[in-house]
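Heads up: the structure comes next, in structure tokens.
There are 2 protein chains.
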Amino acid sequence: MSALLASELARIAQEIDARFDALLTPPDDSRRRLYEAMRHAAIGGGKRLRPLLTSASARLFAVDPECAIRAGLAIEAIHVYSLIHDDLPAMDDDDLRRGRPTVHRAYDEATAILAGDGFQALAFEIAASEATHPDPFVRSELVAALAAAAGPAGMVGGQAMDMAAEAGGEHDLDTVSRLQQLKTGALIGFSIEAGAILGRVPPEGRVKLRAYAHDLGLAFQIADDLLDAEGDPAAMGKAAGKDDAAGKATFVGLLGVDRARAQARLLSQQAIDHLGNFGREADLLRDIAAYVVDRDR
Amino acid sequence: MSALLASELARIAQEIDARFDALLTPPDDSRRRLYEAMRHAAIGGGKRLRPLLTSASARLFAVDPECAIRAGLAIEAIHVYSLIHDDLPAMDDDDLRRGRPTVHRAYDEATAILAGDGFQALAFEIAASEATHPDPFVRSELVAALAAAAGPAGMVGGQAMDMAAEAGGEHDLDTVSRLQQLKTGALIGFSIEAGAILGRVPPEGRVKLRAYAHDLGLAFQIADDLLDAEGDPAAMGKAAGKDDAAGKATFVGLLGVDRARAQARLLSQQAIDHLGNFGREADLLRDIAAYVVDRDR
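Spelled out as structure tokens, the structure:
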């Protein structure tokens, strides 16, 4: 990992923790348990890849770093909600997340459902707030694009396809690519595009950035599948081999470990190549692309 | 029910159904089940009280009726998501809703979780869309206020307090009032305030409307408690007497049926009185206040 990436990863993680800490002060009434469950899920331990991507892409367009952190916080709130709900007994039924008990294990199932629901609302409240961007047009574009990436045409739709595949649907490469593009690619893509939205770059100026986002998202997902198949559970803070046991549709299952790894590296290089016209301000995005395929968690 | 109210209730219900129908066209892939579950929950049978309130309050400020319908649709999407999640086995564990099987009974629990999550994202996508209001400042204010009403400081927080009360917490009148203000009052209040937001009325011009919203919300909740205690399950399309059986903190449990009914009528009259300075354009809001305490479902 480059020194630049290491320092930005640490800075963003600290910023995101501090802001969730401030937003989630438990009130002095019976909502305390809900807020404590939300703090359990959101503070400490996350990689914060999505907020990092937003801050990294915001550098390309000279965006106020505070705006990028706030937009990244909104995206991370969506990510945290999706993890809480994915871990539920009716979904993936996981006991561990980031090395700690999942929310429904540490609290209870109803609290986990509500905590996830609360994070989704919080995400849009943050995105729409004046503190995130002074221009209301930018704020409403952020909200609309984030909602599209998170909803039935994005992340939630991908999750539904994943369940269908587990229940015995198709597992070919096209289906898995489409499923992963929705399930994780849409939100990762939005994390990167958010930098351009904050910088008021019109859609026609986002072509290279979108190409980067597409390849990075796929590379990230293949690397995730490889970690699940081969990773060290202690480093990951969750169980390994679960995808295979659950009959999940993964790239590793379709391509095998060696071809999957080669494909992830190819996509990472392609992602970097899309940034050719940018200067040093794109170094962080380049370093992230190199890192996601070689991480250990 | 007045002729005006009857015709507006029918018109809004038809509009909301038609728009959910258009938004939720099942895609030709394995997300079909998710979309069908969302259609099952959202189309047909709802009273559409919240969109009606938005359209009724929008009349006070000469708002384009199309903007009011779209904002009401966003609010109804939040309401539908909250019903799907409240009915889950880990929450109220209900089998019937609007006379039909609940989503987790008609489909499965994972699909119900995802359908609720999808409706929450859809709500914010609708609210932030240019089709809802041409002014991006209005759109971002709508989103921020809707998110606050729906999140941990609003509806989700009220739901958490309700669970705590069921699990043996306090049941005094102050606690129940606060709980209900968050659980149902916040979203009903926003439904009414949305008309003023769409009409670009600054907060200082919303005092009377907020007072109406406060009293109407409480009257509505007491009437709901009365229906649960005494109502006809066939008319309601769900089981009656469930609150009492679950040990829920309700106004009827605290005040008894007669005092609760008197209190609901008093609040309804107070709500109407707050509209004294408005003319005929407020008749629909007046009719709604009279209706909510005398409905049979």
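Same order as they appear, the protein sequences are chains H and L. Just so we're aligned, residue 1 is where the first sequence starts under my numbering, counting upward by one. Just so we're aligned, residue 298 is where the second sequence starts under my numbering, counting upward by one. Glycine residues also receive a C-beta, built at the ideal position from the N, C-alpha and C atoms.
- Judged by DSSP in its simplified three-state form, L:P324 adopts coil rather than helix or strand.
- Of the other Cβ atoms in all chains shown, 16 or more fall within 10 Å of the Cβ of H:P51; this residue is therefore buried.
- By the C-beta density criterion, L:V590 is buried, having at least 16 other C-beta atoms within 10 angstroms.
- With contacts defined as CB atoms closer than 8 Å, L:L479 and L:L302 fail to qualify as a contacting pair.
- Between H:L226 and H:A260, the CB-CB gap stays under 8 Å.
- By the neighbour-count criterion, in which a residue is buried when 16 or more other Cβ atoms sit within 10 angstroms of its Cβ, L:L331 is buried.
- Here L:P449 is buried. Its C-beta has 16 or more other C-beta atoms within 10 Å.
- Residue burial annotation: H:S7 is exposed, with fewer than 16 other C-beta atoms found within 10 angstroms of its C-beta.
- Excluding sequence positions up to five before and after L:A508, its CB lies within less than 6 Å of the CB of H571, all in the same chain and listed in chain order.
- Contact check for H:H171 against H:A249 passes: the beta carbons are separated by less than 8 Å.
- Apart from the 5 residues on each side of it in sequence, L:L419 sits with its Cβ closer than 6 Å to the Cβ of A374 in its chain, given in chain order.
- Ranked by how close their Cα comes to the Cα of H:R31, the residues L:P433, L:M458 and L:T408 have L:M458 in first place.
- In the three-state reduction of the DSSP assignment, L:L370 falls in the helix class.
- Scanning the stretch 166-227 of chain H from its first residue to its last, the whole alpha helix (DSSP H) runs of 4-plus residues come out as 173-180 and 186-198.
- By the neighbour-count criterion, in which 16 or more other beta carbons inside 10 Å mark a residue as buried, H:L173 falls on the exposed side.
- Under the DSSP assignment, L:H337 falls in the alpha helix (DSSP H) whose first and last residues are R329 to A339.
- Contact between the stretch 78-87 of chain H and the stretch 366-380 of chain L is absent: fewer than three C-beta pairs spanning the two stretches fall below 8 Å.
- Contact check between the stretch 401-412 of chain L and the stretch 345-362 of chain L: fewer than three CB pairs, one atom from each, fall below 8 Å, which does not count as touching.
- DSSP places H:R280 within a helical segment (H, G or I) once states are collapsed to three.
- In the three-state reduction of the DSSP assignment, L:R592 falls in the coil class.
- Here H:G168 is exposed: its Cβ has fewer than 16 other Cβ atoms, across all protein chains shown, within 10 Å.
- CA-CA distance, L:V554 to L:T472, rounds to 19 Å.
- Straight across, the Cα-Cα distance linking H:G154 with L:L551 is about 45 Å.
- If you compare the alpha carbons of H:P27, H:A22 and H:L60 with that of H:F278, the shortest gap goes to H:L60.
- In the three-state DSSP reduction, L:L393 falls in the strand class (E or B).
- Secondary structure at L:P449: coil, using DSSP grouped into helix, strand and coil.
- Taking 8 Å as the threshold, the shortest C-beta distance from L:F421 to chain H falls below it.
- The beta-bridge partner set that DSSP reports for H:P101 consists of H:L96.
- If you look at L:T408, you'll find it in the alpha helix (DSSP H) that goes E406 to A425.
- The shortest C-alpha to C-alpha distance from L:F416 to any of L:M335, L:P324 and L:D314 is the one to L:M335.
- L:I410 and L:A338 have their C-alpha atoms spaced approximately 12 Å apart.
- Pairing L:S437 with H:P136 gives a Cβ-Cβ distance under 8 Å.
- Within the same chain, R367 come within 7 Å of L:A428 by CB-CB distance, once the 5 residues on both sides are set aside.
- In the structure shown, L:L572 adopts coil according to DSSP, grouped into three states.
- Per DSSP, H:A58 is one residue of the alpha helix (DSSP H) stretching across L49 to A58.
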